[in-house]
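Top line first, the protein sequences correspond to chains A and B. Just so we're aligned: 159 in my numbering is position 155 of the first sequence, and the numbers increase by one with no gaps anywhere. Just so we're aligned: 101 in my numbering is position 97 of the second sequence, and the numbers increase by one with no gaps anywhere. Ideal placement from N, C-alpha and C gives every residue a C-beta, glycine not left out. Below: one structure, written as structure tokens.
There are 2 protein chains.
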Amino acid sequence: MRRLRTAVLISGRGSNMQSLVADARDPAHPAEIVLVASNDPTCEGLKWARQEGLAVAGVDHRIHASREDFERVLNITLGIHRIELVCLAGFMRLLTPWFVKAWAGRLINIHPALLPSFRGLHTHARALAEGVKIHGCTVHYVVPAMDEGPIIAQAALPVRDDDTPDSLATRVLSLEHKLYPHALRLVAGGGVRVQENRTITGRDGREQETFIVPPLD
Amino acid sequence: MRRLRTAVLISGRGSNMQSLVADARDPAHPAEIVLVASNDPTCEGLKWARQEGLAVAGVDHRIHASREDFERVLNITLGIHRIELVCLAGFMRLLTPWFVKAWAGRLINIHPALLPSFRGLHTHARALAEGVKIHGCTVHYVVPAMDEGPIIAQAALPVRDDDTPDSLATRVLSLEHKLYPHALRLVAGGGVRVQENRTITGRDGREQETFIVPPLD
Chain A
5 MRRLRTAVLI SGRGSNMQSL VADARDPAHP AEIVLVASND PTCEGLKWAR QEGLAVAGVD
65 HRIHASREDF ERVLNITLGI HRIELVCLAG FMRLLTPWFV KAWAGRLINI HPALLPSFRG
125 LHTHARALAE GVKIHGCTVH YVVPAMDEGP IIAQAALPVR DDDTPDSLAT RVLSLEHKLY
185 PHALRLVAGG GVRVQENRTI TGRDGREQET FIVPPLD
Chain B
5 MRRLRTAVLI SGRGSNMQSL VADARDPAHP AEIVLVASND PTCEGLKWAR QEGLAVAGVD
65 HRIHASREDF ERVLNITLGI HRIELVCLAG FMRLLTPWFV KAWAGRLINI HPALLPSFRG
125 LHTHARALAE GVKIHGCTVH YVVPAMDEGP IIAQAALPVR DDDTPDSLAT RVLSLEHKLY
185 PHALRLVAGG GVRVQENRTI TGRDGREQET FIVPPLD
């Protein structure tokens with residue numbers, strides 16, 4: 005089995021990147037993470053990746069004249085490493101339609117909410133302000149519109165009476181660390197087909213499981 | 005224990021009403037359903053309720069000159085039956101701010117989506133068009149803005165590869181039949197406090213359960 009050459013793009017600590025790297029250490033994993041790149045060459049996640057012996061690239065967005073210039077350099081870097089699939093993991097730069105279209109179908113992202121609810125930033129504070137009982141996270145293909153694109157997988161958790169944006173962020177992040185590796189295996193394994201805006205994964209469970217919050221007795 | 009005198013408002017078959025009535029047959033239930041009312045005096049749900057020996061009221065919206073007139077008659081009907089809590093269950097008339105404010109904190113509704121996603125109609129077709137993997141239903145207090153108001157309880161289920169709006173509607177409706185009786189027990193039992201737009205139910209489960217779609221292996 006040839007493993008898909010995969011890059012993870014980060015901007016900070018890269019905790020989702022770390023969970024992807026850890027899962028892809030499995031030699032049977034359909035993706036091989038061969039590059040971690042960041043728009044912030046000093047970020048913690050790059051240091052961690054370097055220590056792990058991974059190839060890293062810092063492409064500082066601040067020293068490029070425009071978003072397009074930054075992305076051209078990023079794109080060349082991905083080409084040098086013969087990248088076939090890109091995972092955004094807390095990558096905090098909006099990507100232009102040019103970049104997104106160049107990577108169409110090979111670019112995925114994780115968003116800390118149950119899309120289509122709470123696109124954009126501050127999702128946990130907004131979920132609490134909205135009073136939702138079920139919150140979660142979403143892995144999706146990236147399209148030019150922010151936080152849109154075919155959904156690959158979603159995960160949900162109960163919001164608790166005493167949750168704050170921080171406590172919710174902590175629990176959703178733990179869930180992201182399960183969901184993103186799972187979704188990467190699905191995508192890299194070739195098991196995800198896109199039909200219009202839906203993905204077909206062939207993995208419907210037999211059991212009709214449900215999730216009720218607050219819980220039934 | 006005095007049971008809360010409860011009315012259910014319907015417009016059609018009233019399947020959610022039937023599930024509420026069935027659950028409230030339990031003498032320990034904190035609500036007693038003493039009236040089923042509809043804006044369509046010929047609807048199936050009223051026939052069913054009459055056969056069950058429940059008091060029923062048909063308040064035909066078409067014979068009233070205005071929405072306000074219709075609601076005044078409805079409100080008088082509720083008063084005659086000394087109603088303390090109103091459950092909307094497939095009630096297809098928009099209510100005016102006057103009616104909603106008159107029943108503030110004593111008027112709840114079920115919506116076939118995980119709010120704040122998919123307010124309004126055709127929620128299942130829209131959920132499929134959006135490609136969500138997790139869909140569900142929500143019971144919430146009614147406020148003047150449609151499908152807003154503090155959320156009392158939510159329930160989620162997995163969307164399947166071959167789901168159609170109809171197949172999804174069928175499974176979500178089964179879930180509604182669990183969720184609405186559960187939420188009515190919470191509300192009528194006095195266990196729900198509202199703080200700004202959040203409800204506090206004191207029923208956080210101990211276990212940190214999560215729900216992932218497509219399922220993990």
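Cβ neighbour criterion (16 or more within 10 Å) applied to A:Leu99 = Within the first sequence, numbered from 1, the residue matching residue 99 of chain A stands at position 95. A:Leu99 should be labelled buried.
What residues in the segment 159-172 of chain A bring their beta carbon closer than 7 Å to a beta carbon of chain B?
-> Those residues of the segment 159-172 of chain A that come within reach of chain B (Cβ to Cβ, closer than 7 Å) are Ala159, Ala160, Leu161, Pro162, Arg164 and Asp165.
Which stretch, first to last residue, makes up the beta strand (DSSP E) that contains A:Val40?
-> Translated into positions along the first sequence, residue 40 of chain A becomes position 36. Run containing A:Val40: Ala35 to Ser42, per the beta strand (DSSP E) assignment.
For B:Thr46, count neighbouring C-beta atoms within 10 Å of its own C-beta (all shown protein chains included) and say buried if the count is 16 or more, exposed if not.
-> As a first step, residue 46 of chain B is located in the second sequence; it is residue number 42 there, counting from the start. Burial call: exposed.
Measuring CA to CA, which of A:Ile14, A:Ser19, A:Leu8 and A:Arg6 is closest to A:Leu183?
-> Counting from one through the first sequence, the residue named residue 183 of chain A turns up at place 179. Of the listed residues, the one whose Cα sits closest to A:Leu183 is A:Ser19.
Would DSSP call B:Ile84 helix, strand or coil?
-> By one-based count along the second sequence, residue 84 of chain B stands at place 80. In this structure, B:Ile84 counts as helix in the three-state DSSP scheme.
Following the continuous alpha helix (DSSP H) through A:His186, name the residue where it begins and the one where it ends.
-> If you number the first sequence from 1, residue 186 of chain A lands on position 182. Where A:His186 is concerned, the enclosing alpha helix (DSSP H) stretches over Pro169 to Ala192.
DSSP three-state assignment for B:His144, whether helix, strand or coil | Here the question's residue 144 of chain B lines up with position 140 in the second sequence. Reduced to three states, the DSSP call for B:His144 is strand.
Identify which residue in B:Trp52, B:Ala11, B:Met5 and B:His139 has its Cα closest to the Cα of B:Arg110.
-> Sequence index remark: in the second sequence, residue 110 of chain B carries index 106 (1-based). Answer by Cα proximity: B:Ala11.
Would you tell me roughly how many angstroms separate the C-alpha atoms of A:Ser15 and B:Leu172, rounded to the nearest one?
-> As a first step, residue 15 of chain A is located in the first sequence; it is residue number 11 there, counting from the start. As a first step, residue 172 of chain B is located in the second sequence; it is residue number 168 there, counting from the start. Between A:Ser15 and B:Leu172, the C-alpha separation is close to 39 Å.
Which one of B:Pro185, B:Leu78 and B:Leu161 has the shortest CA to CA distance from B:Thr174?
-> Counting from one through the second sequence, the residue named residue 174 of chain B turns up at place 170. Minimum Cα distance to B:Thr174 is reached at B:Leu161.
Short CB-CB distance (under 7 Å) between B:Glu180 and chain A | Residue numbering aside, residue 180 of chain B sits at position 176 when the second sequence is read from its first letter. It does not; no Cβ of chain A falls within 7 Å.
Residues of chain B with CB under 9 Å from A:Ala26, in chain order?
-> Taking the first residue of the first sequence as 1, we reach residue 26 of chain A at position 22. Correct list: empty, because the minimum Cβ distance to chain B is about 16 Å.
Residue environment, A:His186, which counts as buried when at least 16 other CB atoms sit within 10 Å | In the first sequence, residue 186 of chain A corresponds to position 182, counting from 1. Sixteen is the threshold: when 16 or more other Cβ atoms of the shown chains lie within 10 Å of the Cβ of A:His186, as they do, the residue is buried.
Count the C-beta pairs between the segment 147-158 of chain B and the segment 187-199 of chain B that are closer than 8 Å, then say yes if the count reaches three, no if not.
-> Contact holds: three or more Cβ-Cβ distances are below 8 Å.
Residues near A:Glu88 by beta carbon distance below 6 Å, same chain, minus five either side = Here the question's residue 88 of chain A lines up with position 84 in the first sequence. Contacts found: Leu8 and Arg9.
Across which residues does DSSP place B:Gly62 in a beta bridge pair?
-> Sequence index remark: in the second sequence, residue 62 of chain B carries index 58 (1-based). Beta bridge pairing from DSSP links B:Gly62 with B:Ser42.
Name the one or two DSSP bridge partners that A:Pro223 has.
-> The shown model of chain A, from 5 to 221, leaves out residue 223 of chain A, and the question about it has no answer.
Using a Cβ-Cβ cut-off of less than 7 Å, list which residues of the segment 7-24 of chain B approach chain A; keep chain order.
-> The residues in question: there are none.
Sequence-distant residues of its chain with Cβ nearer than 7 Å to B:Leu50 (five each side left out) | Along the second sequence, one-based indexing puts residue 50 of chain B at 46. The residues are Val40, Ser42, Val60 and Gly62.
Can the beta-carbon of A:Leu188 be found less than 7 Å from the beta-carbon of A:Leu24?
-> On the first sequence, position 184 is the one that residue 188 of chain A refers to. On the first sequence, position 20 is the one that residue 24 of chain A refers to. Their beta carbons are under 7 Å apart, which means A:Leu188 touches A:Leu24 by this criterion.
Under the DSSP definition of a beta bridge, which residues are partnered with B:Pro162?
-> By 1-based counting over the second sequence, the position of residue 162 of chain B is 158. According to DSSP, which records beta bridges pairwise, B:Pro162 is partnered with B:Ile138.
Please check if any C-beta of chain A sits within less than 7 Å of the C-beta of B:Ile138.
-> Here residue 138 of chain B corresponds to residue number 134 of the second sequence, with the count starting at 1. Cβ-Cβ to chain A under 7 Å: yes for B:Ile138.
Specify, as a first and last residue, the run of the beta strand (DSSP E) that A:Asn113 falls within.
-> Within the first sequence, the letter at position 109 stands for residue 113 of chain A. Leu111 to His115 is the span of the beta strand (DSSP E), which, as asked, contains A:Asn113.
In the segment 41-69 of chain A, which residues sit with their C-beta less than 9 Å from some C-beta in chain B, listed in chain order?
-> Under the 9 Å Cβ criterion, the segment 41-69 of chain A contributes no residue.
N- and C-terminal bounds of the alpha helix (DSSP H) containing B:Ala11 = Position 7 of the second sequence, counting from 1, holds the residue named residue 11 of chain B. Unbroken run through B:Ala11 is the beta strand (DSSP E), Leu8 to Ile14; no alpha helix (DSSP H).
At least one CB of chain A closer than 7 Å to the CB of B:Arg189: is that the case?
-> Translated into positions along the second sequence, residue 189 of chain B becomes position 185. Taking a beta-carbon distance threshold of 7 Å, B:Arg189 does not count as an interface residue toward chain A.
Can you say whether B:Glu72 is buried or exposed, counting buried as having 16 or more other CB atoms within 10 angstroms of its CB?
-> The residue given as residue 72 of chain B occupies position 68 in the second sequence. The C-beta of B:Glu72 has fewer than 16 other C-beta atoms within 10 Å across all chains shown, which makes the residue exposed.
Using a Cβ cut-off of 7 Å, pull out every chain A residue sitting near B:Phe215, in sequence order please.
-> On the second sequence, residue 215 of chain B is found 211 positions in, with the first residue counted as 1. In chain order: Ala159, Ala160 and Phe215.
Say whether chain B places a C-beta atom closer than 7 Å to the C-beta of A:Arg202.
-> Within the first sequence, the letter at position 198 stands for residue 202 of chain A. A:Arg202 counts as touching chain B.
Using a beta-carbon distance below 7 Å, is A:Thr205 in contact with chain B?
-> As a working mapping, residue 205 of chain A is identified with position 201 in the first sequence. Interface residue, yes.
Mind checking which residues open and close the beta strand (DSSP E) that includes A:Leu119?
-> What you label residue 119 of chain A is simply residue 115 of the first sequence in a count that begins at 1. Neither: A:Leu119 is in no beta strand (DSSP E) and is coded neither H nor E.
How should A:Ile37 be labelled, buried or exposed, when 16 other C-beta atoms within 10 angstroms of its C-beta is the threshold for buried?
-> In the first sequence, residue 37 of chain A corresponds to position 33, counting from 1. Residue burial annotation: A:Ile37 is buried, with at least 16 other C-beta atoms found within 10 angstroms of its C-beta.
How would you label B:Asp167, buried or exposed, when you count the other beta carbons within 10 angstroms and need 16 or more for buried?
-> By 1-based counting over the second sequence, the position of residue 167 of chain B is 163. Buried.
The beta strand (DSSP E) with A:Arg202 in it runs from where to where?
-> For the purposes of this step, residue 202 of chain A is identified with residue 198 of the first sequence, where counting begins at 1. Secondary structure note for A:Arg202: its beta strand (DSSP E) is the uninterrupted segment Arg202 to Ile204.
Under a three-way DSSP split, which group does B:Val198 fall into?
-> Sequence index remark: in the second sequence, residue 198 of chain B carries index 194 (1-based). The answer is strand: DSSP assigns B:Val198 an E or B state.
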